[in-house]
Structure formats: C-alpha cells, structure tokens
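Asker: 1 is the number of the first residue of the sequence shown in this note's numbering; add one for each residue after it. Yeah, the Cβ is synthetic: ideal placement off N, Cα and C, and Gly gets one too. What follows is a structure written as structure tokens; I'll ask about it next.
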Amino acid sequence: MATVANFLAKPIATVVPRPSSAVASTSSFVFFNHNKTNSLFRRQTLPRKLFSAVKVKAGAAPPGKVGTPPAKDDKLLKIHSGEEFDEALKNAKTKLVVAEFATSKSDHSNKIYPFMVELSRTCNDVVFLLVMGDESDKTRELCRREKIEKVPHFSFYKSMEKIHEEEGVEPDQLMGDVLYYGDNHSAVVQLHGRPDVEKLIEDNRVGGKLIVLDVGLKHCGPCVKVYPTVLKLSRSMAETVVFARMNGDENDSCMEFLKDMDVIEVPTFLFIKDGEIRGRYVGSGKGELIGEILRYSGVRVTY
1 MATVANFLAK PIATVVPRPS SAVASTSSFV FFNHNKTNSL FRRQTLPRKL FSAVKVKAGA
61 APPGKVGTPP AKDDKLLKIH SGEEFDEALK NAKTKLVVAE FATSKSDHSN KIYPFMVELS
121 RTCNDVVFLL VMGDESDKTR ELCRREKIEK VPHFSFYKSM EKIHEEEGVE PDQLMGDVLY
181 YGDNHSAVVQ LHGRPDVEKL IEDNRVGGKL IVLDVGLKHC GPCVKVYPTV LKLSRSMAET
241 VVFARMNGDE NDSCMEFLKD MDVIEVPTFL FIKDGEIRGR YVGSGKGELI GEILRYSGVR
301 VTY
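See the structure below:
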C-alpha cells in the first residue's frame, strides 16, 4: 500500500479532452462570430438523474416577456452595461459569480430563467447576474466583449476571473455547476496542495474513518456532474467517511500530487484509511462510486 508520507514520483499521462457535440437547443447569438471549442473529458458514464430538479415557485416570469407579472427575483441582479458588469464582479470579491447572458426571443432562455431565479434565492454565497443581450447597444457591446455567441450562456467568475462557462445547459447541469464551483461551506474538505492532503490524513490516521479524496480538474465535465453525488454522500455518511476534493490544475502543488499518485484520468477517487491508500475508483458512475465507498468502509458488497 502506498502512503501519502512516501509518494513515488511517476510521469503523468496527459488527460486528453475531446470536443463535445453541439447543443442543438441553444439559440444563435448573431451580434458577431467567434469560434469556440467546448471540451469534455473521458469517463462520461453518468447517472441520468443526480439529484431532484429545483422546485420552481410561481412568480418568476421569463426575462423578456411583455405583460407578464413581475418576477420575484430581487436577488438576481440585472446588468445593463459593461461598467455595471465589472462593478458587480468587483463587489463580489471572492464569491462565485454566475452570469446568464440571454435574449428576449430565446425560448431556452425563458425556460431556464425561473431556475436561475430559484438558485439565486437558495444559494446565498453566490452572486447571480442577468444580461439581456438584445436590450441595448451597451449590452450588445458587453456580449461582444465576453465573446457570447449562443444563448442562454452561463459564465462563472471568481475574483474577477472567468473560471468556467456553459451554453444551452439544462437545470440539473446548471445546479451541478453552481455546487461544484461555489460550494465552499459544504461537508467536503477543500484541498489546495499536497500539504493539505498530508494534514488531512494525519488528522484521520486513528479513528477508523475512511477518507474519500475526489481528484479532478476545473473544466472536467464528468467531475462537475458527479460532484452533487459527492456532496450528498458527504452529508449522509459524515459519521464514518471524510470526503475531500482537489482540482489538479489549481496550482503546481496540486499537479505534483496528481503526478505522484499516477492519476491519468479524472475524476479519480482515492480511498485512504489508517494512513494508507487502499485503492481508487476512476469514473463518474453514481452506483459504482457508492459501492466502492461501502467496500472500502468495510461493508460487504455483493454484485
């Protein structure tokens, strides 16, 4: 068994992205043309339903419809210019900012808008912005600046830096993205380098708890999609299992950790107990992950 205190340096194979298929349900944003390639990583065996959809309450009217009741979306900040946008990013400081770029004539924008409103009510540590691209020349210019070509388009920012973006997402995927990039107060321990890993293992060397370390990358689609399952498990299994995660591309220390552990595909889950690494699971299947966690926890699992 390998221990964290005695890593073996091994060369890491590159995690090769592959282009995802175009999203057919998005609306073209025709203010300008800008080529963009989206990519997802391998290992995309995903559960169809990771969690229940957001329950949308009445009152959240589509953003561009005329004559509808006013939306109860006081926590969703409407942006009307690039200056307002930059000011909102600055005021958010280190909080996650989720900006939706929409148009009044996009059916998909109108469909997902109520879910955006509901998320703004429930995620208090996240700032939500709405930019109507066809509202004025100023919003059109902002969309050009941010290189928006299809709507609805969601951009994620932290400390005024764009960290993620999605086009034409469905509500479940949007919620998963918000949890993955903004969930800083969950039961999942956030690790930012090898020293954090070593401290976590040392703190749990005795006591019999299993450590499940979720190793991924910032822009890995399957990593984002499996995270709500990790979050749920961290709450339901808190008495027997410690859940932690690390993004390998966060800094050099994290990338060195991936090399040392010979991580070649993500997400990779490392199972650590009594100071030793007992095994790993590579993939994003909900059932398989739960089965492996139970097995390494000492629960007999039959297949």
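(1) Over what stretch of residues does the alpha helix (DSSP H) that includes Met116 continue unbroken?
(2) For the beta strand (DSSP E) containing Ala99, list its first residue and its last residue.
(3) Which residue's Cα is closest to the Cα of Ile79: Thr94, Ser159, Thr103, Lys93?
(4) For Thr343, is the classification buried or exposed, using 16 other Cβ atoms within 10 angstroms of its Cβ as the cut-off for buried?
(5) Kindly list the residues whose CB is nearer than 6 Å to the CB of Pro70, restricted to its own chain and excluding five residues on each side of it in sequence; keep chain order.
(6) Pull up the CB-CB distance for Met160 and Lys218, whole angstroms please, since I reckon it's below 8 Å.
(7) Could you pull out every residue in the same chain whose Cβ sits closer than 6 Å to the Cβ of Leu8, ignoring the five residues on either side in sequence?
(8) Across the stretch 166 to 178 and the stretch 233 to 248, are there enough close Cβ pairs to call them in contact, namely three or more that are closer than 8 Å?
(9) For Glu292, does the count of other Cβ atoms within 10 angstroms reach 16, so buried, or fall short, so exposed?
(10) Cα separation between Met255 and Val226?
(11) Between the alpha carbons of Phe243 and Val263, how many angstroms are there, rounded?
(12) For Asp125, which three-state DSSP category applies?
Answerer: The answer reads as follows:
(1) Start and end: 107 to 122.
(2) From DSSP, the beta strand (DSSP E) with Ala99 extends over 96 to 102.
(3) It is Thr103 whose Cα lies nearest to the Cα of Ile79.
(4) No statement about residue 343 is possible, as the shown extent of the chain runs from 1 to 303 and does not include it.
(5) Confidence is the limiting factor: at Pro70 the pLDDT is only 42, short of 50, which leaves the residue's position unreliable and the question unanswerable from this model.
(6) About 16 Å separates the two Cβ atoms, so there is no contact after all.
(7) Legend: pLDDT at Leu8 = 32, less than 50; position of this residue unreliable, no value from coordinates given.
(8) Touching, no, given that fewer than three Cβ pairs across the two stretches are closer than 8 Å.
(9) Label assigned to Glu292: buried.
(10) Rounded to whole angstroms, Met255 to Val226 spans 21 Å at the Cα level.
(11) Per the coordinates, the alpha-carbon of Phe243 lies some 18 Å from the alpha-carbon of Val263.
(12) In the structure shown, Asp125 sits in coil (DSSP, three-state: anything other than H, G, I, E or B).
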